[in-house]
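Peer 1: Have a look at the structure that comes next, please.
Numbering (the numbering used here), first residue to last: 2 to 139.
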């Protein structure tokens, strides 16, 4: 049986909160279920274009994390909840978030996304993965 392809997490590569989220996932995903691409990278731009999203669309609707899984692109709180579920273990408790109406979840997500640079800061350039993690980044 062929192993399922890893899900791809697209993230804002200059956002400190997003980079911290990626580091958290890496620490809790030793099996390598996820791979990563910064939204600003060539690979990230190609994936966005392949799913009909343009960088201008992301500027109008702030995104920090997107999930590409099984050919589908998940955004906002739905992406985060799918990621938590795939991490397994105690992180599956985030499933309680599915009980909230999507509009509420996404409103909170957009609030954090809109203010992420002010609250958590930003870098001038995307993070560079260590040689040991380079294979997990597109």
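Don't be surprised by glycine CBs; every beta carbon is placed ideally from N, CA and C.
All values derive from a computational prediction rather than experimental measurement.
By alpha-carbon positions, which one of 18, 123, 106, 38 ends up nearest to residue 139?
Peer 2: If we check each option's Cα against that of residue 139, 38 comes out closest.
Peer 1: Can you give me the Cβ contacts of residue 80 inside the same chain, cut-off strictly under 6 Å, excluding the 5 residues immediately before and after it?
Peer 2: Only 66, 67, 68 meet the Cβ criterion.
Peer 1: Specify whether the region 105-122 and the region 9-27 touch according to this definition: at least 3 beta carbon pairs, one from each stretch, less than 8 Å apart.
Peer 2: The region 105-122 is in contact with the region 9-27.
Peer 1: Can you give me the Cβ contacts of residue 52 inside the same chain, cut-off strictly under 7 Å, excluding the 5 residues immediately before and after it?
Peer 2: Correct list, in chain order: 74.
Peer 1: Buried or exposed, going by whether 16 or more other CB atoms sit within 10 Å of the CB of residue 32?
Peer 2: Residue 32 should be labelled exposed.
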